[in-house]
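**Q** The working numbering numbers the first residue of the sequence shown as 15 and each following residue consecutively.
Where is the CB? At the ideal position from N, CA and C, for every residue including glycine.
Note that this is a predicted model, so its numbers are computed, not measured.
Just passing along the structure, written as structure tokens.
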Amino acid sequence: MFRRVLTVGAVAVGVVTGGGAAAHGAVRGPQALPQQPVAYGTGGGAATMSPYATASAVDVLRRGGNAVDAAVAAAATLGVSEPFVAGPGGGGYFVYYRARDHKVFTIDGREKAPAGARPDMFLGPDGKPVDFEQAVESGESVGVPGNVATWGVALDRFGSRSLRAVLRPAELVARQGFELDQALVDAISKNQAKLARFPASARYYLPGGKVPAVGHVLRNPHLAATYAQLGRHGWRWFYTGPLADELSAAVRNPATSPGTPPVAGGTMTAKDLRDYSAPLRDPATWSHRGYDLYGMAPSSSGGTTVGEAMNILENFNLSGDRVEALYRYLEASKLAFADRGKYVGDTAYVKVPVHGLLSKAYAKQRAALIAETALPTPVAPGDPSPFDGTSATRKRAYARMSTDREQHTNHLVVADRDGNVVSYTNTIEQIAGSGITLPGRGFLLNNELTDFNFPTGTANSVAPGKRPRSSMSPTIVLRDGRPIEAIGSPGGSTIITTVLQSLINQIDFGMSLPAAIEAPRASQRNGAVTDAEPGFIARYGDALKAKGETFGSADYIGIVAALSFLPGGRLQTATESWRGGGGSAMVVTPKNPDPRGEQDAFGEG
Ligand code: GLU
């Protein structure tokens, strides 16, 4: 698969000469961007779902920027080249391993409900939840965006380059445009009604009122200007300047196209933007077979759920029969999702027994429930509270950040030549978010507030200022304080199982990272049916059905981006070869794969 840009500026040369063997050099005219799923080499590297974004990161690394600088460059570029799943209108979670002191930091850039949000805002007059699509396509669904604050906090705390410098590649791609590929055209087509409803969105994505063809050059001068202004004024401008007034006004009163029905407005005010912060939080930490894993604590359910399932699985030897091992994977995930559903929400509003959910003793109790045949769904949540003060994994945290706070779906990974690592998942929630493009600013606004449970009275029900529960699971794996891997994925609640399965594939089944990514996926989330890719059903379906599992077919599950440090100091960046149209992996200095064959980052463990 190839993507193209038409013209190339001085900085963009690095941006568009992507691929593992990228070289600086003048490029003229339409330029194919080779899109490779795996790269080996040294000097750092990146993997994202977009070759433009990966090339932006590698460009920043080549110019001496560190992993954090490069990650922000990639995230901003994803806002241009993958505008339906990324950008300044969304939020996410940034996990960072700092090589100098072996510490892991996490930034919670999740969107927040405005102060005026009502607990019953997604309930109809009859007290029943409103239609999901109706809630999505409204100002009510828009949370105060967290991505720009995340970029700002990350650069202020850990970066080495200015916001202006790292936004430049994204600005250039936005200004010059890029040719739409099939995946983006399909996404526009599927979301045509939603995009047509909001004039600023229709203007970009439905030129002349029609779905554009593959090869149409999408330019976004408004977003280029937004990035340029952010670079000039600093990230706080997003939350305090005129853009904040415009954004809150657009949320309160979304402009709709003539002839389309009006949509509900939200309550967001400029003060909600001014009050937003992306705090540093304690990572969620757990261990698995001697490896230390760092993920995102609530408001994401990613860390606690991946961690609980891995702790449950540690009670079994998974190296034998593969069907038995996969059966345990599905059942462990089922049990962990039951607890996720009951306990996880924003810790500023509900007490989440994070340490209990991640305790080995609690996991042992949950593991004992796994029987010879599949547990009937939904399984009931357990009670982790007695274990909440006793987590063995708690002591393993390298960074305790609770006293160190500051004001302030796509997945990308970056490592730099010094061994700093970023694992960053962010999103605007549904494809194209709320559908509302901020007029004159060129980016779509999220619908993250529909991640709340619509009924009141649960750990994840709506409250003013609250962060909706997420499934995003950016993860970093260490051994003895040194990084082994960074991994994550988009995919709503299947993010959790995709990260879990990809890690188990490596640590327990001994697969290399590319093989672990390629392997067919299944996702059991305490539902009657396990979603599974056709390849999984063909290979394991009959044997697992005999154990009581039920499958529903999904075209594909997840789009992993990951990197691992191979023996001998080489870096491997890896992403999908086909899911979602394939991702893009690059390194600063490519090398050939080891002639002795593919090596396993976990192999020496
Ligand atoms: N909003 C979702 C979450 O935070 C991510 C969006 C998706 O991948 O579908 O869990």
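Do the region 446 to 460 and the region 504 to 519 meet, that is, are 3 or more Cβ pairs less than 8 Å apart?
**A** Touching, no, given that fewer than three Cβ pairs across the two stretches are closer than 8 Å.
**Q** Select from 331, 350, 93, 77 the residue whose C-alpha is nearest the C-alpha of residue 459.
**A** What you label residue 459 is simply residue 445 of the sequence shown in a count that begins at 1. Closest by alpha carbon: 93.
**Q** Can you find a heavy atom of the ligand GLU that lies under 8 Å from the Cβ of residue 545?
**A** By one-based count along the sequence shown, residue 545 stands at place 531. No.
**Q** Rounding to the nearest angstrom, what Cα-Cα distance links residue 277 and residue 190 in this structure?
**A** Position 263 of the sequence shown, counting from 1, holds the residue named residue 277. Position 176 of the sequence shown, counting from 1, holds the residue named residue 190. Distance between the alpha carbons of residue 277 and residue 190: 33 Å.
**Q** Quick check: what's the CA-CA separation for residue 439 versus residue 501?
**A** For the purposes of this step, residue 439 is identified with residue 425 of the sequence shown, where counting begins at 1. For the purposes of this step, residue 501 is identified with residue 487 of the sequence shown, where counting begins at 1. If I take the Cα positions, the gap works out to 10 Å.
**Q** Can you tell me which of 67, 582, 347, 424 puts its alpha carbon nearest to the alpha carbon of residue 540?
**A** For the purposes of this step, residue 540 is taken as residue 526 along the sequence shown, with counting starting at 1. Among 67, 582, 347, 424, the Cα nearest to that of residue 540 is on 347.
**Q** Please find out if some non-hydrogen atom of the ligand GLU comes closer than 8 Å to the beta-carbon of residue 443.
**A** On the sequence shown, position 429 is the one that residue 443 refers to. Yes, Cβ of residue 443 sits closer than 8 Å to a heavy atom of the ligand GLU.
**Q** Mind checking whether the beta-carbon of residue 314 lies closer than 8 Å to any heavy atom of the ligand GLU?
**A** Within the sequence shown, the letter at position 300 stands for residue 314. Yes, since a heavy atom of the ligand GLU falls inside the 8 Å radius drawn around the Cβ of residue 314.
**Q** Do the region 486 to 505 and the region 134 to 147 touch if we need at least three Cβ pairs shorter than 8 Å?
**A** As far as the Cβ criterion goes, the region 486 to 505 does not touch the region 134 to 147, which means the pair count is below three.
**Q** In the DSSP output, which residue or residues are listed as bridge partners for residue 490?
**A** Taking the first residue of the sequence shown as 1, we reach residue 490 at position 476. Answer is 308, 500.
**Q** Measure the CB-CB distance between residue 366 and residue 400 and report whether it falls below 9 Å.
**A** Numbered from 1 along the sequence shown, position 352 holds the residue referred to as residue 366. Numbered from 1 along the sequence shown, position 386 holds the residue referred to as residue 400. No, Cβ-Cβ distance for residue 366 and residue 400 is not below 9 Å.
**Q** So what does residue 193 bridge to, in DSSP terms?
**A** As a working mapping, residue 193 is identified with position 179 in the sequence shown. Answer by DSSP bridge pairing, in chain order: 231.
**Q** Just checking, does the region 476 to 484 make contact with the region 236 to 251 on the three C-beta pairs under 8 Å criterion?
**A** With the cut-off at 8 Å, the region 476 to 484 and the region 236 to 251 do not touch.
**Q** For residue 360, is the beta carbon positioned less than 8 Å from some heavy atom of the ligand GLU?
**A** Here residue 360 refers to the residue found at position 346 when the sequence shown is read from its first residue. Residue 360: no, Cβ never under 8 Å from the ligand GLU.
**Q** Which residues does DSSP list as the beta-bridge partners of residue 444?
**A** Numbered from 1 along the sequence shown, position 430 holds the residue referred to as residue 444. Bridge partners of residue 444: none, in fact.
**Q** Output the residue ranges of the alpha helix (DSSP H) runs that lie fully inside the region 138 to 210 and measure 4 residues or longer, sorted by chain position.
**A** If we require 4 residues or more, the alpha helix (DSSP H) runs fully inside the region 138 to 210 come out as 146 to 150, 161 to 172, 177 to 190, 196 to 204.
**Q** With respect to 8 Å, is the separation between the Cβ of residue 97 and the closest non-hydrogen atom of the ligand GLU below this value?
**A** Translated into positions along the sequence shown, residue 97 becomes position 83. Residue 97: no, Cβ never under 8 Å from the ligand GLU.
**Q** Which of the three DSSP states, helix, strand or coil, is assigned to residue 67?
**A** Reading the sequence shown from its first residue, position 53 is the one you call residue 67. Three-state DSSP puts residue 67 in a helix.
**Q** Which residues bound the alpha helix (DSSP H) around residue 94?
**A** Within the sequence shown, the letter at position 80 stands for residue 94. Unbroken alpha helix (DSSP H) run through residue 94: 81 to 95.
**Q** Applying the criterion that 16 or more other CB atoms from any shown protein chain within 10 Å of the CB defines a buried residue, is residue 42 buried or exposed?
**A** If you number the sequence shown from 1, residue 42 lands on position 28. Because the pLDDT at residue 42 is just 25, under 50, the model does not fix this residue reliably, and the point stays unresolved.
**Q** To the nearest angstrom, report how far apart residue 153 and residue 109 are at their CA atoms.
**A** Your numbering for residue 153 matches position 139 in the sequence shown. Your numbering for residue 109 matches position 95 in the sequence shown. Distance between the alpha carbons of residue 153 and residue 109 is about 30 Å.
**Q** Any heavy atom of the ligand GLU within a distance shorter than 8 Å of the CB on residue 465?
**A** The residue labelled residue 465 in the question sits at position 451 within the sequence shown. Residue 465 Cβ: within cutoff of the ligand GLU.
**Q** Per DSSP, which residues does residue 430 bridge with? Please list them.
**A** Your numbering for residue 430 matches position 416 in the sequence shown. DSSP lists 58 as partners of residue 430.
**Q** Within the present structure, is the beta-carbon of residue 571 separated from the nearest heavy atom of the ligand GLU by less than 8 Å?
**A** Translated into the one-based positions of the sequence shown, residue 571 becomes position 557. No, Cβ of residue 571 sits at least 8 Å from all heavy atoms of the ligand GLU.
**Q** Please say whether residue 490 and residue 327 have beta carbons closer to each other than 9 Å?
**A** Against the sequence shown, residue 327 aligns to sequence position 313. Against the sequence shown, residue 490 aligns to sequence position 476. No, the Cβ-Cβ distance between residue 327 and residue 490 is not below 9 Å.
**Q** Given a cut-off of 9 Å on the beta-carbon distance, is the pair residue 179 and residue 79 in contact?
**A** The residue you call residue 179 lines up with position 165 of the sequence shown. The residue you call residue 79 lines up with position 65 of the sequence shown. In this structure, residue 79 lies closer than 9 Å to residue 179 by Cβ.
**Q** If you measure from the CB of residue 504, is any heavy atom of the ligand GLU nearer than 8 Å?
**A** One-based indexing of the sequence shown puts residue 504 at position 490. Residue 504: yes, Cβ under 8 Å from the ligand GLU.
**Q** Less than 8 Å between the CB atoms is what I'm expecting for residue 294 and residue 119, so what's the real figure, rounded?
**A** What you label residue 294 is simply residue 280 of the sequence shown in a count that begins at 1. What you label residue 119 is simply residue 105 of the sequence shown in a count that begins at 1. At roughly 6 Å, the Cβ-Cβ gap stays under 8 Å, so residue 294 and residue 119 are in contact.
**Q** If residue 101 sits next to residue 457, beta carbons under 8 Å apart, how far is it from one beta carbon to the other, in whole angstroms?
**A** Taking the first residue of the sequence shown as position 1, residue 101 is located at position 87. Taking the first residue of the sequence shown as position 1, residue 457 is located at position 443. The pair is a contact, with the Cβ atoms about 4 Å apart (cut-off 8 Å).
**Q** Where do the ends of the beta strand (DSSP E) carrying residue 629 lie?
**A** This structure does not reach residue 629, given that the chain is present from 15 up to 619, and the question cannot be answered.
**Q** Can you tell me whether DSSP reads residue 299 as helix, strand or coil?
**A** Within the sequence shown, residue 299 is the residue found at index 285, counting from 1. Here residue 299 sits in strand by DSSP.
**Q** Could you tell me if residue 614 is buried or exposed, where buried requires 16 or more neighbouring beta carbons within 10 angstroms of its beta carbon?
**A** Mapped onto the sequence shown, residue 614 falls at position 600. The residue is buried, with at least 16 neighbouring Cβ atoms inside 10 Å.
**Q** Would residue 125 pass as a contact of residue 547 if the rule is Cβ separation under 9 Å?
**A** The residue labelled residue 125 in the question sits at position 111 within the sequence shown. The residue labelled residue 547 in the question sits at position 533 within the sequence shown. No, they are not a contact pair.
**Q** How long is the line joining the alpha carbons of residue 657 and residue 606, rounded to whole angstroms?
**A** This structure gives no information on residue 657, because the portion of the chain shown stretches from 15 to 619.
**Q** Alpha carbon to alpha carbon, what distance is there between residue 425 and residue 163?
**A** In the sequence shown, counting from the first residue as 1, residue 163 sits at position 149. In the sequence shown, counting from the first residue as 1, residue 425 sits at position 411. So the alpha carbons of these two residues sit roughly 17 Å apart.
**Q** Any heavy atom of the ligand GLU within a distance shorter than 8 Å of the CB on residue 384?
**A** Residue numbering aside, residue 384 sits at position 370 when the sequence shown is read from its first letter. Residue 384 Cβ: outside cutoff for every heavy atom of the ligand GLU.
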